[in-house]
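In our numbering, the protein residues as written are 36 to 228. The beta carbon of each residue, even a glycine, is placed where N, CA and C say it ideally should be. Just below is one structure, and these are the notes that go with it.
What follows is the structure in structure tokens.
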């Protein structure tokens with residue numbers, strides 16, 4: 036094998052047999068792994084996402100695989116994308132875009148029967164948004180799938196681990212998610228003032 040053989044594109048492979056669905060890995064990142072970084076290791080998270088954004092997405096996917104003791108899939112790892120920028124006059128953002136999950140709608144399904152049959156039900160996230168500013172305050176929002184009608188839900192994770200459902204969300208686009216968070220902020224700020 037020559038040096039150049041190492042860099043040649045490999046044929047597509049199927050994920051390892053002991054893998055978990057990508058939606059589950061995304062869920063684990065959004066609800067279990069990222070909150071620890073947002074509220075406990077933010078400087079490391081910020082440095083990783085701003086200095087090496089193409090490596091940061093796969094890094095968190097690998098952490099999710101490690102947590103479930105499954106082999107990661109290289110192609111799946113490449114589907115997690117970080118972005119950063121300015122959110123408003125006083126705050127910046129980090130946002131993780133997850134792989135687009137398959138449609139989800141319980142509709143007329145019986146959740147108990149589904150659970151008893153071992154069918155996995157995961158309401159996968161579309162985006163994780165971390166807002167941070169000069170005052171050190173962190174806000175962590177998730178736009179994820181809703182159980183009915185193919186809609187979305189906005190959630191906020193608090194520093195103590197509380198998972199707050201903020202109601203129906205917008206269509207799964209980053210601009211629409213930002214607009215919804217701005218509306219939530221406006222309501223929150225008017226209530227506290």
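Candidates the options, of which the one nearest residue i by Cα
i: residue 110; options: 57, 194, 131 and 139; result: 57
i: residue 61; options: 80, 76, 131 and 78; result: 131
i: residue 82; options: 104, 97 and 117; result: 117
i: residue 191; options: 216, 171 and 126; result: 216
i: residue 171; options: 151, 181 and 126; result: 126
Alpha-carbon spacing of residue i relative to residue j, whole angstroms
i: residue 106; j: residue 95; result: 14 Å
i: residue 108; j: residue 55; result: 10 Å
i: residue 210; j: residue 88; result: 20 Å
i: residue 120; j: residue 183; result: 32 Å
i: residue 208; j: residue 134; result: 13 Å
i: residue 138; j: residue 196; result: 28 Å
i: residue 63; j: residue 202; result: 21 Å
i: residue 86; j: residue 147; result: 45 Å
i: residue 38; j: residue 128; result: Because the pLDDT at residue 38 is just 42, under 50, the model does not fix this residue reliably, and the value given afterwards should be weighed accordingly. If I take the Cα positions, the gap works out to 40 Å.
i: residue 223; j: residue 214; result: 14 Å
i: residue 80; j: residue 176; result: 16 Å
i: residue 168; j: residue 199; result: 21 Å
i: residue 212; j: residue 218; result: 10 Å
i: residue 43; j: residue 65; result: In this predicted model, residue 43 has a pLDDT of only 48, less than 50, meaning its place in the structure is not dependable enough to derive any value.
i: residue 185; j: residue 206; result: 10 Å
i: residue 152; j: residue 181; result: 21 Å
i: residue 72; j: residue 122; result: 20 Å
Exposure of residue i, with buried meaning 16 or more beta-carbon neighbours within 10 Å
i: residue 179; result: buried
i: residue 70; result: buried
i: residue 160; result: buried
i: residue 165; result: buried
i: residue 163; result: buried
i: residue 194; result: exposed
i: residue 204; result: buried
i: residue 187; result: buried
i: residue 103; result: exposed
i: residue 47; result: With a pLDDT of only 46 at residue 47, under 50, the local geometry of the prediction cannot be trusted, and the value read off the model is given with reservation. Answer is exposed; the Cβ neighbour count stays below 16.
Whole-angstrom C-beta distance between residue j and residue i, which should lie under 8 Å
i: residue 93; j: residue 115; result: 6 Å
i: residue 173; j: residue 74; result: 6 Å
i: residue 91; j: residue 100; result: Actually they are not in contact, since the Cβ atoms of residue 91 and residue 100 sit about 15 Å apart, beyond 8 Å.
i: residue 59; j: residue 157; result: 5 Å
i: residue 9; j: residue 98; result: With the chain covering 36 to 228 only, the question about residue 9 has no answer from this structure.
Any C-beta of chain C under 8 Å from that of residue i
i: residue 167; result: Absent from the structure: chain C. Only one protein chain is present.
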